[in-house]
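Only one structure is covered here, and it is reproduced in the block below.
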């Protein structure tokens, strides 16, 4: 796999209402034309599997539902799609908890494990979609669905901004 | 001696569970394993949907056991629809169950159990002190996930596994790739056995009823009859005669019994029930690791997982040989031409049971004549173990009462963890009716 490729990974569980927002968005993205250097993956609730998915990419965009009480206080507004650029050092500073289990393996714990093992951590941008209703059930809330288009627009912007173009690649 | 132990949120298990234990004058006054995850409504989500939607929906129940849920769901669908998959389809499903068992056991052994053996609080300090051990675990896990990726697109929510067969038959180069991956795992598996050989599990024995599926000539993960010692073998469709579920007030998961007895499912139960069918390499590992059946020490479930990993690697290689030979002679999927069979729904029910990494997994759907699901039931392995874990805690506490409180807590957490519980999945819907 080329280091110069860009990975967009959707996270969440579509059986838990708005928690699945990231999955719906990557499914939409897959239907559209994206530059050749972009890979799009439905990561579901991957946990430690994220390591394998991200390995080999220098840049990863994570699309996930977020709540105000999330791990990145101050970064997230409940009422708009947020874009959080994370430098690996910042992420690691914010990890309060060393706990690491499979269902609970937050992105941050995974990154911390990668760092401890001396693995290369990609540059990560999180596109956060405000989650209104996280509860058992299939389908997004109306409010969350409205954020989807905005998120897709901003994602496309991020893709075009990417410095990770293939050698000799042209902007689409 | 009095202790009031409240372990809030047992660490390094999947989901949220609490142990409440009050001891007064050397006697247990109160003991509960509380499951406090919000109940998940998977069964209700299936009602009113087309039966063919059940496998992709239920694959999302668990990010670890997605293939097992998909396989159990597909088997239930095929049972309800009267579809018999081809031999090749069954063989490929068996390899996938092995791959999932490998990635799940490896993750548990290396990321959740190994920190206990080193007295580390979690895998992160272990990664700092013994990076080679953690890297080996991640390498093995990646290999197991790669097998799934080659065969069904990915491990989480496998898109290639469908009712009747696979959306794409594997090419010979895919099978060659899987063989190469499996062979690359052998040195690390050998190291894994050596690693656990150096670490003994705590001594504690409490016999219980070990439940699994059983097949005459193979170590059953995909097909078999319901089995526990002293019980007649039962067809999976009669599972309600084999186990019963009860609601308990303090837990959002149900308690499961077979007859009057708590039961244990998972690696140790399977080895106790089906040891004669495990591969010679795995038997060799069991001997090295001091696991002799019937084993009644629940801590040895960890060791049973190591033994099963060895078996899964070698058995997958054997299945590959058969698949390889079959590929040129038999059509892959079941319609006789290599395509997927036609779906002709009729009213009825179907049951599918497989051995997931943590134990027997049951799916049952009732459908109408249009193939719409009218009833659904999923019984998940961890729910089957919960009552047994509680009974183990009850039995072990008197023997460890003299230890400091922190040591008691550590031992109890280690005991719960030995079952590799997946609490998020085991909680499911309780129907509440209001009488006005």
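Residue numbers (the numbering used here), protein chains in the order written: chain Z, 95 to 266; chain F, 237 to 672. The C-beta atom is built at its ideal place from N, Cα and C for all residues, glycine as well. Every value quoted in this text rests on a predicted model; they were computed, and no experiment measured them.
Asked	Found
Counterpart residues of residue 587 of chain F in DSSP-defined beta bridges	F/600
Close beta carbons around residue 311 of chain F, own chain, < 6 Å, minus the five adjacent residues each side	588
Bridge partner(s) assigned by DSSP for residue 612 of chain F	F/601
Chain Z within 9 Å of residue 352 of chain F, Cβ atoms only	no
Classification of residue 160 of chain Z by the beta-carbon crowding that lies within 10 angstroms, buried from 16 upward	buried
The region 136 to 149 of chain Z: positions lying closer than 8 Å to chain F by Cβ	136, 137, 138, 139, 140, 141, 142, 143, 145, 146
Beta-bridge partners of residue 394 of chain F, as assigned by DSSP	DSSP, once it has assigned bridges, lists no residue as partnering residue 394 of chain F.
Residue range of the unbroken alpha helix (DSSP H) whose run includes residue 229 of chain Z	Neither: residue 229 of chain Z is in no alpha helix (DSSP H) and is coded neither H nor E.
6 Å CB neighbourhood of residue 612 of chain F in its chain, flanking five on each side removed	279, 282, 601
Candidates F/534, F/260, F/478, F/643, of which the one nearest residue 437 of chain F by Cα	F/534
Helix, strand or coil at residue 158 of chain Z according to DSSP, with G and I counted as helix	strand
Chain F within 9 Å of residue 103 of chain Z, Cβ atoms only	no
Inter-residue Cα distance where the pair is residue 428 of chain F and residue 145 of chain Z	21 Å
Start-to-end residues for the alpha helix (DSSP H) that takes in residue 493 of chain F	Here residue 493 of chain F belongs to no alpha helix (DSSP H); instead the beta strand (DSSP E) covers 491 to 494.
Same chain, Cβ closer than 7 Å to residue 547 of chain F, five either side skipped, listed in chain order	455, 514, 515, 518
Buried or exposed (CB count within 10 angstroms, at least 16 for buried), residue 320 of chain F	exposed
Contact with chain Z by residue 347 of chain F, beta-carbon distance below 9 Å	yes
Below-9 Å beta-carbon distance, residue 298 of chain F vs any chain Z residue	yes
Residue 252 of chain Z to residue 118 of chain Z span [Cα, whole Å]	18 Å
Beta-bridge pairing of residue 104 of chain Z - partner residues as DSSP gives them	Z/136, Z/157
Cutoff 9 Å: residue 203 of chain Z Cβ touching any chain F Cβ	yes
Cutoff 9 Å: residue 231 of chain Z Cβ touching any chain F Cβ	yes
Beta-carbon gap between residue 397 of chain F and residue 303 of chain F smaller than 9 Å	yes
DSSP three-state assignment for residue 487 of chain F, whether helix, strand or coil	coil
Beta bridge counterpart(s) of residue 224 of chain Z as assigned by DSSP	Z/160
From F/387, F/388, F/343, F/355, residue whose alpha carbon lies closest to that of residue 371 of chain F	F/343
Cβ-based contacts, 9 Å cut-off: residues of the region 420 to 433 of chain F near chain Z	none
Simplified DSSP assignment, three categories, for residue 535 of chain F	helix
Proximity to residue 467 of chain F [Cα-Cα], best of F/268, F/497, F/502	F/497
Proximity of residue 338 of chain F and residue 542 of chain F at Cβ, strictly below 9 Å	no
Cβ shell of residue 197 of chain Z (< 8 Å), same chain only, five flanking positions each side left out	Here residue 197 of chain Z scores only 39 on pLDDT, less than 50, and its place in the model is too uncertain to base an answer on.
Between the CA atoms of residue 476 of chain F and residue 374 of chain F - distance to the nearest angstrom	39 Å
Residue 128 of chain Z at chain F interface by Cβ criterion, 9 Å	no
Inter-stretch contact (C-beta, 8 Å, three-pair minimum) for the region 354 to 362 of chain F and the region 202 to 222 of chain Z	yes
Exposure of residue 566 of chain F, with buried meaning 16 or more beta-carbon neighbours within 10 Å	exposed
Residue-level contact to chain Z via CB, residue 538 of chain F, 9 Å cutoff	no
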